[in-house]
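This report refers to the structure that appears directly beneath it.
In the numbering used here, the protein residues as written are 1078 to 1526.
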C-alpha cells in the first residue's frame, strides 16, 4: 500500500475527493445550475457566484466541521447527548429511506422514459408500469449489492462511476460552449432582482449540508482503508477531500450553468433543469444526446443511492448493533424500492417539511463546528443556538403544512421573506448563550475556592 499512516498520496487524495463528489452529486445538483443559467441569462455570472457560496460553501463546511469536531453524534453532543441521538436519526431517515434514497430511482427512471419512448415507441410512463417496477427492483438490487462493502467506495465511485459521470458532463458542457445554440437571453424571474442574492438562495435550497454531516463516517472509513491510521491524519484527509469535492463541484456547476445560458431561446420555453440539459444535448447530438443525459442522471442517482445506503446502514448498525450492517442495507434498499414505486408522493408530503425543519439546525451546527474553538469558550451557546433554530424552523414547517396562510411572529423579522426567518433569532441566541455561559462560569468560581 503506497500510503502511510501520516497521509494519502496525491492520487489517493484525488480518488477520495472524486468519491465524495460522487456521493453528493445527485439529481438536484444536476437540475439547479442549468435552470439558473437559463433563467439568469446575461446575469449568469453574479447568479452563479451567489449559488457557489451556499451550494458549495455549506456542504464543504459540513464535511470540514465533522473532520474538526467528529461525526454527527459528537457535533450534536455538544448541545446534549439526547439531542444528538434524535437529531441524527431524523437526518439519516429524512435524507435516506424517507426521501433521498427512493427519489434516486424515481428520478433516474423519469429520465429514461424519453429514451424508451424514442427507441421503442412504447409508453413507459406511470409509477405502476411493469417497466417502472422492473427498473426500481434492478436499480436497488445493484445499489444494495454495491453498498455491502462501504470501505471499497473509492474503488467504485472514485475510479469508475464518478469519473464516468464527470466525463459525460464534460461532453455536454464542451458541446454547449464550443457550439452555442443562442446568445445569452435577457434575465428572467426570479433572477431579475439582485441575481447575486437569488443565486445565494438557490444554492441554499440544495440542502447538501444535511448530507455533508453524514458522509464523513464513510469517507473516514475509506481513508483508513487506504492505510491512514492516525485520527489527526484522517481528519486532515477528510478536510482535503472536502476541498477537492468543492473544486470539482464548482467546475461542474459553472459548466452546467453555461449550458443553460447558451441554450437561450433555441429550445423554446423550458421549466426545469433536466429539460435544459436534455434540450441542449439533443440539439447537439440528436437521440445520442438524450441517451447521454439519461446516463448522466442514472450514474448520478446510483452514486448517491450507494453512498446514502452506506451512510445510513453504518449509522444504524452502530446505534443498534443487534442488526448487522448488511441487514440494514438490505432493509433500506427494499423499503426504498417499494416507496419509489408505490408511495413517493405520500412520503414526500412528510419528508419535505421535516427536511425544512432540520436544515437550519444543521447549518448552525456546522457553522459552530467550524468555529468550535471560539464557541467552546462559551459552551452554552451550542444549546441556545441549536434549540432556537429548531423551534423557529419547526414552527415554520408546521405552519406551512397545517395552515399555510397563518401568520407567525417570525414572519415580521428581517430576511423572513427570503426564507431566513431563523437568522435573527439565532443571532439573539448567540448573545444569550454567551451571557449564560459567563453567568454559569461566574457562579462556579466561588464554589471552587
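Every residue, glycine too, gets a C-beta built ideally from N, C-alpha and C.
Check whether residue i and residue j have beta carbons under 9 Å apart
i, j, result
"residue 1238", "residue 1417", "no"
"residue 1272", "residue 1094", "no"
"residue 1432", "residue 1284", "yes"
"residue 1185", "residue 1104", "yes"
"residue 1092", "residue 1231", "yes"
"residue 1137", "residue 1293", "no"
"residue 1163", "residue 1463", "no"
"residue 1298", "residue 1227", "yes"
"residue 1253", "residue 1090", "no"
"residue 1115", "residue 1353", "yes"
Nearest neighbour of residue i, chosen from the options [CA to CA]
i, options, result
"residue 1191", "1359, 1426 and 1394", "1359"
"residue 1434", "1353, 1171, 1309 and 1188", "1171"
"residue 1333", "1375, 1248 and 1391", "1248"
"residue 1173", "1291, 1363, 1481 and 1491", "1291"
"residue 1140", "1317, 1087, 1216 and 1195", "1317"
"residue 1193", "1479, 1367 and 1159", "1367"
"residue 1384", "1251, 1375, 1101 and 1208", "1101"
"residue 1167", "1500, 1447, 1428 and 1501", "1428"
"residue 1495", "1241, 1267, 1325 and 1216", "1267"
"residue 1419", "1436, 1386, 1121 and 1206", "1206"
"residue 1505", "1352, 1151, 1364 and 1458", "1458"
"residue 1478", "1454, 1430, 1498 and 1516", "1430"
"residue 1326", "1253, 1242 and 1485", "1242"
"residue 1154", "1460, 1106 and 1481", "1460"
"residue 1426", "1403, 1475, 1453 and 1395", "1475"
"residue 1493", "1314, 1450, 1473 and 1298", "1473"
"residue 1455", "1512, 1403 and 1484", "1512"
"residue 1246", "1331, 1214, 1309 and 1503", "1331"
"residue 1471", "1501, 1438 and 1483", "1438"
"residue 1414", "1215, 1498 and 1463", "1215"
"residue 1282", "1497, 1388 and 1451", "1497"
"residue 1375", "1394, 1121, 1189 and 1295", "1189"
"residue 1110", "1335, 1377 and 1357", "1335"
"residue 1084", "1501, 1337, 1222 and 1311", "1311"
N- and C-terminal bounds of the alpha helix (DSSP H) containing residue i
i, result
"residue 1167", "1158 to 1172"
"residue 1396", "1364 to 1396"
"residue 1300", "1285 to 1302"
"residue 1532", "Examination of residue 1532 is not possible in this model, given that the chain is present from 1078 through 1526 alone."
"residue 1219", "1207 to 1223"
"residue 1272", "1272 to 1281"
"residue 1108", "1104 to 1117"
"residue 1146", "1134 to 1146"
How about the stretch 1398 to 1413 and the stretch 1436 to 1452: do they share at least three Cβ pairs that are nearer than 8 Å? no
For the pair the stretch 1120 to 1134 and the stretch 1301 to 1312, tell me if three or more CB-CB distances fall below 8 Å. no
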